[in-house]
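Each remark here refers to the structure printed beneath this line.
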Amino acid sequence: MNVSPSVVTYSSPFTTTQTERVVTITNSNQFNTIAFKFKTNAPSVYSASPNNGVLPPAGSIKVYFHLKPFKLEPSKRSVCKDKFLVLSAPIHGADTKGKVDWSSIEATRKKEISTQKIKVLYKILDVEKETVDDDGASSLENSSEDLVDMSTLSDGGVTHSTSFPELQQKLNDAENIIAQLEREISQAQRSAQYSKKIIWLTNLSNLMLVSFMILMSWYLNTR
Numbered sequence: 017m018n019v020s021p022s023v024v025t026y027s028s029p030f031t032t033t034q035t036e037r038v039v040t041i042t043n044s045n046q047f048n049t050i051a052f053k054f055k056t057n058a059p060s061v062y063s064a065s066p067n068n069g070v071l072p073p074a075g076s077i078k079v080y081f082h083l084k085p086f087k088l089e090p091s092k093r094s095v096c097k098d099k100f101l102v103l104s105a106p107i108h109g110a111d112t113k114g115k116v117d118w119s120s121i122e123a124t125r126k127k128e129i130s131t132q133k134i135k136v137l138y139k140i141l142d143v144e145k146e147t148v149d150d151d152g153a154s155s156l157e158n159s160s161e162d163l164v165d166m167s168t169l170s171d172g173g174v175t176h177s178t179s180f181p182e183l184q185q186k187l188n189d190a191e192n193i194i195a196q197l198e199r200e201i202s203q204a205q206r207s208a209q210y211s212k213k214i215i216w217l218t219n220l221s222n223l224m225l226v227s228f229m230i231l232m233s234w235y236l237n238t239r
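Encoded structure:
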């Protein structure tokens, strides 16, 4: 299997939507159909379409990579070591037409699986936006041991990494939750104020009724 290019590059600004990057995968085997899929160590930051599939002999396919916008621009000292891992394996028979059982391939034919790495490069330029101030060079990825199978993820994925951009996504989620809680608190306060007003009006009504009864009693007694 051939993968081109082997490096995916993104440039500042990172707080806006990035143009999708294209990687071409080619089945260099002239006789066997192969299955492929992607893994990444930052599943909540990137998406790939398609993230898995089947290639006939000498066939090729374009894969589109998307980077989600950051909340803040990374500092110039930040170092991105995010990566994608492309796994491929020859398949035969029904697997060439239906859904490939990767769990079976990984369990019984692990030696037949080939892997190729696609690195991610960030070109951090001068931008007039708020940046994160690092005390030193920081990695924007977790270790390669945290590679997640992208074919098992819905769009956006689930993060198991603690990379810088993923922490930004978690911060966004936390801010959304806080905003929702603040709205609920405001509604509860308005509801409480409304309840207090109802109680006050009820008490006033009762007081006026008692006063009216006293006046009526006085009037009747003075006749």
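Each position in the sequence shown, counted from 1, maps to that position plus 16 in the working numbering.
Just so it is clear, CB atoms sit at the ideal spot from N, CA and C, and this is done for glycine as well.
Bridge partner(s) assigned by DSSP for N69: Along the sequence shown, read from residue 1 onward, the residue named residue 69 stands at position 53. Correcting the residue type first, residue 69 is Gly in the shown sequence and not Asn. Beta-bridge pairing links G69 to F52.
Is there contact between the segment 130-137 and the segment 18-29, where contact requires at least three CB pairs shorter than 8 angstroms? At 8 angstroms Cβ cutoff, the stretches touch.
Let me know the beta strand (DSSP E) ranges lying completely inside the segment 62-139, each 3 residues or longer, listed in chain order. As far as the segment 62-139 is concerned, its whole beta strand (DSSP E) runs of at least 3 residues are 62-65, 68-71, 76-83, 99-107 and 130-139.
First and last residue of the beta strand (DSSP E) that includes S20? By one-based count along the sequence shown, residue 20 stands at place 4. Where S20 is concerned, the enclosing beta strand (DSSP E) stretches over N18 to S20.
The beta strand (DSSP E) that contains T35, what's its start and end? Numbered from its first residue, the sequence shown carries residue 35 at position 19. That residue, T35, is in no beta strand (DSSP E); it is neither H nor E in DSSP.
Buried versus exposed, by CB contacts within 10 Å (16 or more), K212: Numbered from its first residue, the sequence shown carries residue 212 at position 196. Result: exposed.
What did DSSP end up calling S207 once you bin it into helix, strand or coil? Working through the sequence shown from its first residue, we reach residue 207 at position 191. DSSP places S207 in helix when its eight states are reduced to three.
Starting from S27, trace the beta strand (DSSP E) in both directions and tell me its first and last residue. In the sequence shown, residue 27 corresponds to position 11, counting from 1. Looking at the DSSP string, the run of the beta strand (DSSP E) that includes S27 is V23 to S27.
From T35 to P21, what does the alpha carbon distance come to, in whole angstroms? Within the sequence shown, numbered from 1, the residue matching residue 35 stands at position 19. Within the sequence shown, numbered from 1, the residue matching residue 21 stands at position 5. The straight-line gap from Cα to Cα measures roughly 16 angstroms.
Excluding the 5 residues preceding and the 5 following F47 in the sequence, name in chain order all residues of the same chain whose CB lies nearer than 7 angstroms to its CB. What you label residue 47 is simply residue 31 of the sequence shown in a count that begins at 1. Excluding the 5 residues flanking it on each side, F47 has same chain C-beta neighbours closer than 7 angstroms at P73, in chain order.
Find out if the Cβ-Cβ distance for the pair F16, E89 is shorter than 8 angstroms. There is simply no residue 16 to check, as the chain begins at 17 and stops at 239 in what is shown.
Look at the Cβ atom of E102, then the Cβ atom of V19, and state whether they are nearer than 8 angstroms. To locate residue 102, count along the sequence shown from 1; it is residue 86. To locate residue 19, count along the sequence shown from 1; it is residue 3. The residue asked about is misnamed: residue 102 is Val in this sequence, not Glu. Their beta carbons are under 8 angstroms apart, which means V102 touches V19 by this criterion.
Just to confirm, is the Cβ distance from N43 to M17 under 8 angstroms? As a working note, residue 43 is residue 27 in the sequence shown. As a working note, residue 17 is residue 1 in the sequence shown. In this structure, M17 lies closer than 8 angstroms to N43 by Cβ.
Is it buried or exposed, Y80, if we count other Cβ atoms within 10 angstroms and call 16 or more buried? Taking the first residue of the sequence shown as position 1, residue 80 is located at position 64. With fewer than 16 Cβ atoms within 10 Å of its Cβ, Y80 is classed as exposed.
Inter-residue Cα distance where the pair is I129 and S119: As a first step, residue 129 must be located in the sequence shown, where it is residue number 113. As a first step, residue 119 must be located in the sequence shown, where it is residue number 103. Spanning the alpha carbons of I129 and S119 requires a straight line of approximately 12 angstroms.
Pull up the CB-CB distance for F54 and N68, whole angstroms please, since I reckon it's below 8 angstroms. Residue 54 sits at position 38 when you count from the first residue of the sequence shown. Residue 68 sits at position 52 when you count from the first residue of the sequence shown. Confirmed, about 7 angstroms.
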